[in-house]
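Beneath this line is the structure, given in structure tokens, with notes to follow.
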Amino acid sequence: MTSPNSPLLTESFRVTVLGSGTSAGVPVMTCDCPVCTSSDPRNHRLRSSIMLRNAEKTILVDCGSDFRQQALQWKIQRLDALLLTHSHSDHISGIDDLRIYNWKQGCTIDTFGSAQTLSDLKQRFSYIFSPLQEGGGVPQIDLRTIAAQPFNAAGLKVMPMEVMHGKLPVTGFRFGNFGYVTDASHVPDDAIEKLKGVRYLILNALRWRPHPTHLTVDEAIAVAKRIGPERAWFTHITHDLDHEETNAKLPKGYELAHDGLEFDVEAERNT
Ligand SMILES: [Zn+2]
Ligand SMILES: [Zn+2]
Ligand SMILES: [Zn+2]
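For the sequence shown, counting from 1, position 22 maps to 28 in our numbering; every step adds exactly one.
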């Protein structure tokens, strides 16, 4: 409990799932399967990303191939921090569009990631970091390396955790009572410990069939059960899963995420 005079320890945010699809998105180009041709909008999945937003600030997790469309659709008017889970194209390839926020806000965008993620980013977007380039035509991002300790992003205390995506380490994030983990095929014990106590969890679940670098639905259920949130949503979904049909098979409290899913969380302030 906080006394009336103590500073607020948490800050309320609305989480919006901007994309819940795997790297190819759904519909998959050229595919005419029942999910890709479905009229249920929840079967239309842009590349995976979420936003935490309140009246003052907006924090984005991942900035993939569909970022421009997501920003237009959700009227993302400002950006205070970008958190990167890893450097695969479906999570970073929208970075050039951060220029718009540089121009509008007149400042750089703090961009957080593991040492490996940021080193990959520098290689993949070498033109951004080349001293030969003039400013203005490239996104202005301040790279902030995160390790195992909590870090300050836009005034929030964010707890990172390392999960494995095949052999590639990927960063998950906890914001107070909400945890977000994508592109995991294995969630180690210490990551589970860091996530215990969250009320809301978004975790990746690709499909029912096994995959070398992504959790299946059953594996994601098992991981979520160990963490024990009140509600869990699965993301980074392929076209194997029809939204309604899959939800009917999930345990109570667990559902597939969908683009446009929203819920409110209490993030921890960095006091
Ligand atoms: Zn991915
Ligand atoms: Zn399909
Ligand atoms: Zn990936």
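Glycine is no exception: its CB is placed at the ideal position from the N, C-alpha and C atoms.
Computed from a predicted structure; not experimentally measured.
> Closest to D38 by CA distance: which of D148, N49, S95 is it?
Replying inline: The sequence position of residue 38 within the sequence shown is 32, counting from 1. Comparing Cα positions, the closest option is N49.
>> Rounding to the nearest angstrom, what Cα-Cα distance links E62 and R232 in this structure?
In response: As a first step, residue 62 must be located in the sequence shown, where it is residue number 56. As a first step, residue 232 must be located in the sequence shown, where it is residue number 226. When only Cα atoms are considered, E62 and R232 end up about 34 angstroms apart.
> What is the DSSP secondary structure of T117, reduced to helix, strand or coil?
Replying inline: Here residue 117 corresponds to residue number 111 of the sequence shown, with the count starting at 1. T117 falls in the strand class under three-state DSSP.
> Among all residues, which have a Cβ less than 7 angstroms from at least one non-hydrogen atom of ligand 1, and in what chain order do they fall?
Replying inline: Of all residues, those with a beta-carbon under 7 angstroms from at least one heavy atom of ligand 1 are T28, S29, S54, H94, D96, H97, T188, D189, H242, reported in chain order.
> When we look at the beta-carbon of K200 and count the other beta-carbons within 10 Å, is it buried (16 or more) or exposed?
Replying inline: Looking up residue 200 in the sequence shown gives position 194. K200 is buried by the Cβ-count criterion.
>> Per DSSP, what are the beta-bridge partners of Q218 in this structure?
In response: Stepping through the sequence shown from its first residue, residue 218 is reached at position 212. Here the sequence assigns Pro to residue 218, which means Gln is not the residue at that position. DSSP, once it has assigned bridges, lists no residue as partnering P218.
>> Only counting the same chain, and skipping five residues up and downstream in sequence, which positions put a Cβ closer than 7 angstroms to that of F269?
In response: In the sequence shown, the residue the question calls residue 269 occupies position 263. Correct list, in chain order: V21, Y206.
> Mind checking whether the beta-carbon of H245 lies closer than 7 angstroms to any heavy atom of ligand 2?
Replying inline: The residue given as residue 245 occupies position 239 in the sequence shown. It does: the Cβ of H245 is within 7 angstroms (strictly closer) of some heavy atom of ligand 2.
> Three or more C-beta pairs closer than 8 angstroms, one from the region 172 to 188 and one from the region 84 to 97: is that the case here?
Replying inline: Short answer: they touch.
>> Assuming G31 and D72 are in contact, meaning their beta carbons sit under 8 angstroms apart, how far apart are those beta carbons, in whole angstroms?
In response: If you number the sequence shown from 1, residue 31 lands on position 25. If you number the sequence shown from 1, residue 72 lands on position 66. Correct: roughly 7 angstroms between the Cβ atoms.
> G178 and V169: beta carbons closer than 8 angstroms?
Replying inline: What you label residue 178 is simply residue 172 of the sequence shown in a count that begins at 1. What you label residue 169 is simply residue 163 of the sequence shown in a count that begins at 1. Against a cut-off of 8 angstroms, the Cβ pair of V169 and G178 comes out as a contact.
>> Does H249 come out as helix, strand or coil in the three-state DSSP assignment?
In response: Numbered from its first residue, the sequence shown carries residue 249 at position 243. Reduced to three states, the DSSP call for H249 is helix.
>> So, for F19: in the same chain, excluding its five sequence neighbours on each side, which residues have a beta-carbon less than 6 angstroms away from its beta-carbon?
In response: Position 13 of the sequence shown, counted from the start, is the residue given in the question as residue 19. So the qualifying residues of the chain are L58, N60, V271, A273.
>> Tell me the DSSP secondary structure of R180 in three-state form.
In response: Looking up residue 180 in the sequence shown gives position 174. If DSSP states are grouped into helix, strand and coil, R180 belongs with the strands.
> With a Cβ-Cβ cutoff of 8 angstroms, do R275 and L14 count as a contact?
Replying inline: Taking the first residue of the sequence shown as 1, we reach residue 275 at position 269. Taking the first residue of the sequence shown as 1, we reach residue 14 at position 8. Contact flag set, yes.
> Touching or not, the region 78 to 90 and the region 104 to 123, by the rule of three or more beta carbon pairs under 8 angstroms?
Replying inline: Yes, the region 78 to 90 touches the region 104 to 123.
>> Helix, strand or coil, according to DSSP, for I82 in the structure here?
In response: If you number the sequence shown from 1, residue 82 lands on position 76. Under the three-state reduction of DSSP output, I82 falls in the coil class, being neither helix nor strand.
>> Cutting at 8 angstroms between CB atoms, please list the residues of its own chain near T252, excluding the five before and the five after it.
In response: Within the sequence shown, numbered from 1, the residue matching residue 252 stands at position 246. Contacts found: V223, L262.
>> For D148 and H97, I'd like the C-alpha separation in whole angstroms.
In response: Position 142 of the sequence shown, counting from 1, holds the residue named residue 148. Position 91 of the sequence shown, counting from 1, holds the residue named residue 97. It is roughly 17 angstroms from the alpha-carbon of D148 to the alpha-carbon of H97.
> Taking Cβ to Cβ, would you say H220 is nearer than 8 angstroms to D46?
Replying inline: Looking up residue 220 in the sequence shown gives position 214. Looking up residue 46 in the sequence shown gives position 40. No; because the gap between Cβ atoms is not below 8 angstroms, this pair is not in contact.
> Curious, which full-length alpha helix (DSSP H) runs of at least 4 residues does the region 223 to 269 contain?
Replying inline: The region 223 to 269 is shown to contain whole alpha helix (DSSP H) runs of 4 or more residues at 223 to 233, 249 to 253, in chain order.
> Who are the near neighbours of P235 in its chain, counting only those whose CB is closer than 7 angstroms to its CB and skipping five residues on each side?
Replying inline: Residue numbering aside, residue 235 sits at position 229 when the sequence shown is read from its first letter. If we look at P235 and ignore the five residues flanking it on each side, its Cβ neighbours are V204, R205, Y206, L207.
> Who does G4 pair with in a DSSP beta bridge?
Replying inline: In this structure the chain extends from 7 to 277, so residue 4 is not present and cannot be described.
> Cβ of F240 within 8 angstroms of Cβ of A211?
Replying inline: Along the sequence shown, one-based indexing puts residue 240 at 234. Along the sequence shown, one-based indexing puts residue 211 at 205. Against a cut-off of 8 angstroms, the Cβ pair of A211 and F240 comes out as a contact.
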